[in-house]
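Each residue of the sequence shown is one higher than the last, beginning at 1 in our numbering.
Heads up, the beta-carbon is just placed ideally off N, CA and C, and yes, glycines get one too.
Every value quoted in this text rests on a predicted model; they were computed, and no experiment measured them.
Data first, discussion second: the structure below is written as structure tokens.
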Amino acid sequence: MPPPSPSKTSCKPVPVDAMREMIFQMAALQPVQIDPESVKPPKRRNVKISKDPQSVAARHRRERISERIRILQRLVPGGTKMDTASMLEEAVHYMKFLKKQVQSFEQAAAGGSMAAMVKTEADVGGLLLHRRHESWW
Numbered sequence: 001m002p003p004p005s006p007s008k009t010s011c012k013p014v015p016v017d018a019m020r021e022m023i024f025q026m027a028a029l030q031p032v033q034i035d036p037e038s039v040k041p042p043k044r045r046n047v048k049i050s051k052d053p054q055s056v057a058a059r060h061r062r063e064r065i066s067e068r069i070r071i072l073q074r075l076v077p078g079g080t081k082m083d084t085a086s087m088l089e090e091a092v093h094y095m096k097f098l099k100k101q102v103q104s105f106e107q108a109a110a111g112g113s114m115a116a117m118v119k120t121e122a123d124v125g126g127l128l129l130h131r132r133h134e135s136w137w
């Protein structure tokens, strides 16, 4: 008997958006701890640093941008494993997801619908349980 073709296997492919949302839901529940040492720029050796005021200002601006990028990489799920452009794009998706989460919680709280909030928490809890059994992240 020939092996089953990929289309006949029991695993259904999950759309990218659904997978992204599951990852975001799990990440939203994780505590965020940013070590200040990991955000600091790497030390440079044997490099002559210009004292020109314009160069100094530009260097400080670049250092601030780099520091903010490193912080954002730590906040975005999987951000440390992406190039900067991809991470920024993923940050946009993550912010939209978080905004929707806040709106749904606010609506549930305003409507007094604790059942909706419990259902949302149960859905996320189920995803976390699934994540423990299948380490795909």
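Since residue i and residue j are thought to touch, with beta carbons under 8 Å apart, how far apart are those beta carbons, to the nearest angstrom?
i: Gly78; j: Glu90; result: 7 Å
i: Ile69; j: Thr84; result: 6 Å
With a threshold of 7 Å on Cβ separation, who are the neighbours of residue i within its own chain once the five nearest residues in sequence on each side are excluded?
i: Phe24; result: Pro77, Tyr94, Phe97
i: Arg20; result: His93
What residue from the options has the CA that sits closest to residue i's CA?
i: Gln30; options: Lys99, Arg74, Ser86, Asp17; result: Arg74
Whole angstroms are fine: how far does the CA of residue j sit from the CA of residue i?
i: Gln103; j: Ala18; result: 19 Å
i: Thr80; j: Ala58; result: 25 Å
i: Lys100; j: Gln107; result: 10 Å
i: Thr9; j: Pro15; result: Annotation note: pLDDT 48 at Thr9 (below 50); position unreliable, coordinate value reported separately. Between Thr9 and Pro15, the C-alpha separation is close to 17 Å.
i: Asp35; j: Leu72; result: 13 Å
i: Ser50; j: Gln33; result: 35 Å
i: Pro53; j: Ala28; result: 42 Å
i: Met87; j: Arg45; result: 29 Å
i: Lys43; j: His60; result: 14 Å
i: Ser55; j: Gly112; result: 57 Å
i: Met82; j: Val47; result: 28 Å
**Q.** Segments of 4+ residues assigned as alpha helix (DSSP H) that fall wholly inside the region 38-122
**A.** 53-75, 84-110
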